[in-house]
Amino acid sequence: MHQLSIILERIFVKMLITMDIIGASNVILMFIFIPYKLIKRNKSYSSSFYRQLVANNCCGLCYIVMEYFLARLPMFKLFQSFYQQLQTYNGFFYGFSTGLKTSIAFGQFILALNRFIVVKYLFFSTNVLIFKSQ
């Protein structure tokens, strides 16, 4: 029974590492290509839409790094003595992690609201929100 739990734990850790690599690479690629679109300057979209995406991806990348530092490395049993000395910073790390989650959720809400307004109120959004006025 003990060996089965060790095997399941190893499978779980490998799945987590695979998902982390895929997720981090997606965020990094979006972080590269969205500023590229800003530099390229698509004439039909205003740059505020891209800035919002870049800010949201920056928060997502910070969250991935922070959660990997706080949760994944101790779970992999790496740097155990270092994490045992960090007992006084637990509140700070928890607050920072919660703040990043909140900012990501708020950014996703704003993006969803932006897309809803574009679909629902097409003529209003062409002049105000995403598209530049002609």
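Numbers in our numbering are just positions in the sequence shown, counted from 1, shifted up by 311. By construction, the Cβ of each residue, glycine as well, lies at the ideal position given by its N, Cα and C atoms.
Pairing D331 with Y379 gives a Cβ-Cβ distance under 8 Å. For F407 and F420, the gap between their C-alpha atoms comes out near 20 Å. Between the C-alpha atoms of V324 and I318 there is a straight-line separation of about 10 Å.
Taking a cut-off of 8 Å on C-beta distances, the region 341-348 does not touch the region 385-403, as fewer than three cross pairs fall below it. From the listed residues L327, M312 and N367, the smallest Cα separation to R383 is found for L327. Annotated three-state conformation of F387 is coil, per DSSP. Here the C-alpha atom of K348 lies approximately 25 Å from the C-alpha atom of V376. Collapsing the DSSP output to three states places M312 in coil.
Here the alpha carbons of F427 and A366 stand approximately 20 Å from one another. Sixteen is the threshold: when 16 or more other Cβ atoms of the shown chains lie within 10 Å of the Cβ of V338, as they do, the residue is buried.
Residue nearest to S336 within the set Y361, L315 and C369 is C369 (criterion: CA-CA distance).
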